[in-house]
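So the protein lines, in turn, are chains D and A.
For the first sequence, the residue numbers in this note's numbering are 1 to 660.
For the second sequence, the residue numbers in this note's numbering are 1 to 660.
Protein chains: 2
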Amino acid sequence: MVSSKTARKLEVASPVPADIDIANSVSPLHISDIAADLNLSPHHYDLYGKFKAKVLLPVLDEFQGSPDGYYVVVGGITPTPLGEGKSTTTVGLCQALGAFLDKKVVTCIRQPSQGPTFGIKGGAAGGGYSQVIPMDEFNLHLTGDIHAITAANNLLAAAIDTRMFHEASQSDKALFNRLCPPNKEGKRTFSDIMFRRLKKLGIDKTNPDDLTPEEVKSFARLDIDPDSITWRRVMDVNDRFLRKITVGQGPEEKGMVRETGFDISVASEIMAVLALTTSLADMRERLGKMVIGNSKAGDPVTADDLGLGGALTVLMKDAINPTLMQTLEGTPVLVHAGPFANIAHGNSSVVADKIALKLVGPGGFVVTEAGFGADIGAEKFMNIKCRYSGLTPQCAVIVATVRALKMHGGGPAVVAGRPLDRAYLTENVSLVEAGCVNLARHISNMKAYGVNVVVAINMFSTDTEAELNAVKKAATDAGAFDAVICTHHAHGGKGACRFLVSWLLANNALSLNVTEYCDKVDLGIAVQKACENVTETMRFLYPLDISIKEKIEAIAKSYGAAGVEYSEQAEKQIAMYTSQGFTHLPICMAKTQYSFSHNAAEKGAPSGFILPIRDVRASIGAGFIYPLVGTMSTMPGLPTRPCFFDIDLDTTTGRVIGLS
Amino acid sequence: MVSSKTARKLEVASPVPADIDIANSVSPLHISDIAADLNLSPHHYDLYGKFKAKVLLPVLDEFQGSPDGYYVVVGGITPTPLGEGKSTTTVGLCQALGAFLDKKVVTCIRQPSQGPTFGIKGGAAGGGYSQVIPMDEFNLHLTGDIHAITAANNLLAAAIDTRMFHEASQSDKALFNRLCPPNKEGKRTFSDIMFRRLKKLGIDKTNPDDLTPEEVKSFARLDIDPDSITWRRVMDVNDRFLRKITVGQGPEEKGMVRETGFDISVASEIMAVLALTTSLADMRERLGKMVIGNSKAGDPVTADDLGLGGALTVLMKDAINPTLMQTLEGTPVLVHAGPFANIAHGNSSVVADKIALKLVGPGGFVVTEAGFGADIGAEKFMNIKCRYSGLTPQCAVIVATVRALKMHGGGPAVVAGRPLDRAYLTENVSLVEAGCVNLARHISNMKAYGVNVVVAINMFSTDTEAELNAVKKAATDAGAFDAVICTHHAHGGKGACRFLVSWLLANNALSLNVTEYCDKVDLGIAVQKACENVTETMRFLYPLDISIKEKIEAIAKSYGAAGVEYSEQAEKQIAMYTSQGFTHLPICMAKTQYSFSHNAAEKGAPSGFILPIRDVRASIGAGFIYPLVGTMSTMPGLPTRPCFFDIDLDTTTGRVIGLS
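Shown next as structure tokens:
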């Protein structure tokens with residue numbers, strides 16, 4: 001029944017053990033077996049140990065011209081703070097497609113930040129019997145991409161402060177002499193990267209000695225306005241005390257103190273660049289044109305102006321290669337990039353999806369997850385990621401739960417760490433029906449892109465048939481291609497697939513008292529049909545050649561807003577980006593995921609509200625403008641009792657314990 | 001003539017190209033070939049791409065009981081700021097032993113910090129035709145060990161500030177309730193790591209509910225004295241503006257601001273732990289007992305008290321495996337750890353040396369480099385590293401140059417970036433002879449450990465025969481086993497080995513106009529003889545069971561000091577460490593490498609001075625007390641024109657350019 005070469009037996013235990021214990025109970029296949037199943041030869045990848053490999057970018061050139069497989073994006077309805085099982089559904093869908101329906105399939109997911117692994121949230125490898133393994137490697141350093149981002153981000157930060165320091169204490173001439181020092185023969189040269197700044201300044205001279213004093217000044221003095229600096233340092237740790245700091249207080253820094261702060265590494269613009277780039281050459285350009293702030297005259301200052309675009313690319317040269325891993329059932333996974341889903345676009349990388357689409361080929365499936373609710377993650381997938389990649393999805397899966405729909409129908413607040421209200425544990429069809437307005441709007445929003453929408457109803461044991469039928473009906477009424485019930489076993493949305501359970505039953509390998517099965521296979525079949533029956537062509541929500549405000553308003557309308565209100569600061573920033581020539585960029589809304597509106601408490605499908613834009617910022621290198629709708633925290637904190645209290649290494653076996 | 005299985009042809013160009021260009025001109029062998037030459041099977045290592053592999057710690061268990069090879073440490077005389085070619089000599093010696101004399105050999109060297117690679121210094125892979133390759137991988141992320149250290153160090157830092165924050169706002173009971181929350185059945189449990197704190201407090205209860213209010217208080221409240229915190233954050237970037245900062249200025253941190261700072265990552269105590277640990281279990285204990293500061297009552301607070309010893313071990317579990325690379329001539333190199341040479345012990349890892357000694361076996365050679373002059377690096381190699389490893393070296397190589405000896409004889413100051421004074425470019429035998437006091441003291445100091453001392457005279461083209469003979473004579477007079485002239489070609493101490501040149505001549509492959517050859521082969525032969533003819537047994541400079549002051553004074557005496565003077569702060573710290581029970585630790589002097597004394601300007605072999613101890617600190621987890629003789633910078637800065645201006649990626653070939 002399971003025909004994939006790399007499929008394997010799972011030993012299922014009851015009650016479902018901790019994620020790390022399930023992950024450790026399976027011996028992963030050597031990653032070269034997974035690679036071979038995808039027709040990858042050893043020269044196509046670099047091994048990182050036995051269970052991880054980086055697929056090398058030249059694979060794309062080699063497969064150029066060969067046709068792509070189907071492209072499926074997984075989003076969700078507006079979630080509760082508990083999450084609705086999007087990652088688990090994504091992995092489970094792929095296990096169904098690959099291990100049961102015998103399709104070529106690649107799961108493309110984001111690399112999680114290491115911060116939450118040791119903080120509150122724990123790991124992000126899926127859950128229960130739908131996981132990416134080895135889950136400890138997935139949740140920890142992986143192949144070092146986030147560490148590379150941290151290093152590159154902070155080298156740029158150090159260069160900014162140091163450049164201001166050196167400019168403050170040196171004359172134009174001394175500065176220039178240091179930047180272009182004479183060699184032994186007394187001859188000066190520009191380094192390659194300096195020609196980028198010269199070009200920007202309109203100076204076409206190639207001999208440093210030919211520059212006029214005015215040109216020397218404009219070349220050598222970036223004259224950064226300290227108040228304009230938007231580039232912050234980053235760290236892949238939940239360190240709340242670094243949110244706002246003062247630097248430069250050492251005596252050698254001569255009083256050049258400055259207020260700044262750290263974000264968590266995945267919030268770095270370099271992460272967004274990694275996620276959106278299409279090639280080494282493209283990454284080089286994007287990194288070089290990242291804007292760190294303005295000169296006192298108001299001109300944007302870039303990484304290339306600081307002499308750093310090349311060095312940053314060198315630091316990121318391995319990070320651009322996606323990491324190949326596997327699911328518990330031996331289907332391939334590409335893990336790559338993990339940009340924030342509010343101040344950035346919250347999707348895994350273009351490069352991984354492109355490679356995956358070639359590897360699965362026609363009839364195969366690439367399933368990629370978009371962070372947050374579909375109003376944010378999937379919207380940005382369409383309007384930012386697909387715009388830069390040129391790729392066209394056929395199907396959007398929207399993961400819904402009865403629990404979240406009851407909340408949208410008016411149920412009491414769902415709070416992490418507190419017991420669920422009775423409303424969520426007993427049948428209440430009308431509450432579900434009322435909440436389906438949220439699902440319906442997500443469906444119609446997604447359909448507007450020209451894709452087929454499949455609703456995956458992630459079922460809990462407390463859900464009743466009547467409730468589930470209400471969701472199915474609402475989904476179909478709203479124009480979904482299909483709505484499929486996926487039954488995970490009771491406690492916590494973790495569970496095994498029907499095919500797996502059947503197979504285990506057939507093999508007398510089941511020690512679990514299973515009363516409900518998940519229908520991930522049905523989901524697989526539904527997704528397959530949705531992909532095969534696309535009738536429309538892909539459309540974007542807005543064109544790029546309209547104003548920044550018009551773009552913001554188009555997105556706001558999709559939220560149900562009646563209008564948009566700009567703060568004075570937002571107006572100022574929009575005017576600045578417009579004058580700097582950045583109007584052509586797509587928009588990345590930094591908005592709460594807990595409501596269509598700016599107010600997390602407004603559930604369901606609010607409309608008629610005015611969306612307030614507090615500020616507007618830009619990631620010029622990554623390639624988007626991001627309006628801030630409310631305050632976004634870009635550095636999480638640690639609770640009184642972080643996850644790390646339970647995490648340890650069994651020093652005899654070398655195995656990680658206590659990771660959740 | 002070259003019989004090693006993995007030896008290869010080198011194409012030598014003139015003039016000697018940039019290091020990265022030489023490194024790029026050679027196609028490295030697949031690292032599995034290098035591993036196979038060492039009798040390593042694929043299950044003994046994890047590949048990290050094609051040219052790096054992590055040798056797994058269980059190799060040590062497998063080879064337990066098999067005899068070790070010879071153990072050679074490379075140190076240097078007191079250097080000029082230009083460096084005397086210690087790394088290049090180390091790599092060259094191994095190339096000679098392995099590729100020419102056909103001995104089993106492993107070079108054990110430190111992983112360099114990424115900071116200087118982009119700052120002033122450039123890379124650290126050796127130079128010219130004596131390099132570790134691929135040199136870009138060596139100088140950049142390598143296999144992520146330093147990134148793991150950064151992550152672990154900063155998780156601990158975040159935990160410190162957050163714990164103080166949570167303790168400040170919660171009652172003993174609330175704190176305890178959060179640390180040991182009741183489960184669904186209302187039952188509380190301690191996590192495993194909490195039993196370490198309970199044990200330390202003398203509480204042998206296992207049920208949280210049985211604790212008295214007093215016990216609850218002492219368990220839950222670490223009561224860290226903010227002024228006592230010695231744990232700083234780290235970053236592997238030259239970021240001088242982080243030397244002194246104020247954290248906690250965000251509104252959510254409620255005014256709990258604190259002055260602190262960042263060091264460069266290699267200055268983290270975790271790096272010293274990595275370098276000194278002998279096993280996973282040992283590393284777990286060392287990480288857990290790292291002291292971050294004191295409670296207000298004066299008790300040391302450890303990583304385990306904060307609940308972090310296990311999580312830190314998990315972060316470091318791959319970092320403990322040394323990275324296998326190769327020299328330009330295909331001999332194996334283990335790159336592992338790179339602790340600071342002043343506030344830490346400046347030597348590569350115990351684990352790498354131990355593995356290497358088993359892999360080369362009897363008659364084979366492990367050559368390991370000790371940072372700084374032999375008064376610091378080699379002294380700490382003997383008294384700290386060998387003390388923890390239990391390993392016994394047979395031979396110490398001391399690298400000397402005529403240039404540095406002239407400086408010690410009274411020559412003008414040598415300053416990096418400025419032209420050398422005439423004294424260094426023309427014959428001056430008496431200046432050399434006068435300077436040999438420095439060499440002589442290093443020789444007699446090293447001989448005191450019971451090893452044979454071989455002096456490697458790293459010759460420049462400006463050196464004359466009379467000058468070189470003066471050094472040879474002085475070395476022999478001082479008791480060196482042998483003194484060998486190693487001739488590198490003229491400009492910059494980079495060059496090719498005689499054996500290489502002969503071989504290239506024999507193969508008509510030489511396009512270089514070579515007038516001088518290096519005698520690294522002679523050095524190889526001398527080192528072999530020195531190892532085969534050890535007559536004494538290894539001795540330490542001081543026993544561990546004397547007082548902290550007596551140990552400091554023993555080391556000071558080896559510097560030529562007549563006595564030691566302690567500041568009030570130093571006295572206070574010594575009293576504290578003594579009362580805390582840390583007197584048994586070895587001493588790691590944080591002293592300038594530019595003089596035997598505390599004053600960098602005192603060249604030669606100063607004596608009769610009083611060594612001032614400004615402060616005394618401790619790395620309890622790593623396992624040493626470090627007295628500060630003067631001020632040590634633990635965070636370098638960037639110059640006006642850092643190396644990064646020249647560093648770029650050729651996006652067509654994927655090759656790094658401009659790395660030096």
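Here a beta-carbon is modelled for each residue, glycine too, at the ideal position from N, C-alpha and C.
- Query: Taking the C-alpha atoms as reference points, what is the distance between A/Lys529 and D/Asn153?
  - Reply: 51 Å
- Straight-line CA distance for D/Ala562 to D/Glu550? 13 Å
- Item | Local conformation of A/Cys486 per DSSP, three classes | strand
- Message: Using 8 Å for Cβ pairs, my map puts D/Leu324 next to D/Lys354. What's the rounded Cβ distance?
- Response: Going by Cβ atoms, the distance from D/Leu324 to D/Lys354 rounds to 14 Å, so no, they are not a contact pair.
- Could you tell me whether the stretch 521 to 539 of chain A touches the stretch 593 to 608 of chain A, using the rule of 3 or more Cβ pairs below 8 Å? no
- Can you give me the Cβ contacts of A/Glu185 inside the same chain, cut-off strictly under 8 Å, excluding the 5 residues immediately before and after it? There are no such residues.
- Message: Does A/Pro419 pass the burial test, meaning 16 or more other C-beta atoms within 10 Å, or should it be called exposed?
- Response: Classification for A/Pro419: exposed.
- Task: Note the first and the last residue of the continuous beta strand (DSSP E) segment covering D/Pro627.
- Result: Phe624 to Leu628
- Message: I need the boundaries of the alpha helix (DSSP H) containing A/Gly75, first residue and last residue.
- Response: The continuous stretches of alpha helix (DSSP H) do not include A/Gly75, which lies in the beta strand (DSSP E) extending over residues Tyr70 to Gly76.
- Message: Comparing C-alpha positions only, which one of D/Leu175, D/Ile343 and D/Ser228 sits nearest to D/Val273?
- Response: Of D/Leu175, D/Ile343 and D/Ser228, the smallest CA-CA separation from D/Val273 is found for D/Ile343.
- Task: Would you verify that the beta carbon of D/Glu62 is, or is not, closer than 9 Å to some beta carbon of chain A?
- Result: no
- Query: From D/Ser113, D/Leu306, D/Met290 and D/Tyr70, pick the residue whose C-alpha is nearest to that of A/Pro642; which is it?
  - Reply: D/Leu306
- Message: Give me the subset of the stretch 294 to 317 of chain A whose CB atoms are less than 9 Å from a CB atom of chain D, sorted by chain position.
- Response: Leu306, Gly307, Leu308, Gly309, Gly310, Ala311, Leu312, Thr313, Val314, Leu315, Met316 and Lys317
- Query: Which one of A/Pro134, A/Pro636 and A/Gly361 has the shortest CA to CA distance from A/Ala53?
  - Reply: A/Pro134
- Using DSSP with H/G/I as helix, E/B as strand and the rest coil, what is D/Ser660? coil
- Query: Is it a yes or a no for the stretch 275 to 287 of chain D touching the stretch 245 to 263 of chain D, going by three-plus beta-carbon pairs under 8 Å?
  - Reply: Touching, no, given that fewer than three Cβ pairs across the two stretches are closer than 8 Å.
- Nearest-angstrom Cα separation, counted from D/Met271 out to D/Ile146: 8 Å
- Item | C-alpha distance - D/Ala474 paired with D/Glu467, whole-angstrom precision | 11 Å
- Message: Assuming the contact rule is C-beta atoms closer than 8 Å, A/Ser607 and A/Glu379 should be a hit. Round their C-beta distance to whole Å, please.
- Response: Actually they do not touch by this definition, with Cβ atoms about 17 Å apart.
- Spell out a yes or no on whether the stretch 105 to 113 of chain A and the stretch 624 to 632 of chain A are touching, meaning 3 or more CB-CB pairs, one atom from each, closer than 8 Å. no
- Query: Does any C-beta atom of chain A lie closer than 9 Å to the C-beta of D/Glu259?
  - Reply: yes
- Query: For D/Ala352 versus D/Ala400, is the C-beta distance shorter than 9 Å?
  - Reply: no
- Message: With H, G and I counted as helix, E and B as strand and the rest as coil, what does DSSP make of A/Lys317?
- Response: coil
- Query: Taking Cβ-Cβ distances below 7 Å as the criterion, which residues of the stretch 44 to 71 of chain D are in contact with chain A?
  - Reply: Residues passing the 7 Å Cβ filter: Asp46, Leu47, Tyr48, Gly49 and Lys50.
- Going by DSSP, which residues form a beta bridge with D/Leu370? Rather than Leu, the amino acid found at residue 370 of chain D in this sequence is Ala. For D/Ala370, which the question treats as bridged, DSSP gives the partners D/Asn347.
- Task: Compare the Cα-Cα distances from A/Thr90 to each of A/Met316, A/Asp299 and A/Glu369 and report the closest residue.
- Result: A/Glu369
- Excluding sequence positions up to five away, which residues of its chain have a Cβ less than 7 Å from the Cβ of A/Lys406? Ala423, Tyr424, Asn428, Leu431, Val432 and Gly435
- Query: Applying the criterion that 16 or more other CB atoms from any shown protein chain within 10 Å of the CB defines a buried residue, is D/Val415 buried or exposed?
  - Reply: exposed
- Query: Are any of the Cβ atoms in chain D nearer than 9 Å to that of A/Val73?
  - Reply: no
- Beta-carbon proximity of D/Ile292 to D/Ile193, cut-off 9 Å: No, the Cβ-Cβ distance between D/Ile292 and D/Ile193 is not below 9 Å.
- Task: Closer than 7 Å by C-beta to A/Ala220: which residues in its own chain qualify, once you throw out the five before and the five after it? Chain order, please.
- Result: Asp172, Leu175, Phe176 and Leu179
- Whole runs of the beta strand (DSSP E) within the stretch 176 to 203 of chain A, excluding any shorter than 3 residues: none
- Please classify A/Thr634: is it buried, with 16 or more other beta-carbons within 10 angstroms of its beta-carbon, or exposed? buried
- Query: What does D/Arg617 pair with, by DSSP beta-bridge criteria?
  - Reply: D/Tyr626
- Can you name, in chain order, every residue of its own chain whose Cβ lies under 7 Å from the Cβ of D/Asn452, other than the five neighbours on each side? Gln394, Cys395, Phe481, Ala530, Asn533 and Val534
- N-terminal and C-terminal residue of the beta strand (DSSP E) that D/Leu245 is part of: According to the sequence provided, residue 245 of chain D is Ile. The question's Leu does not apply to it. Note, D/Ile245: beta strand (DSSP E), Ile245 to Val247.
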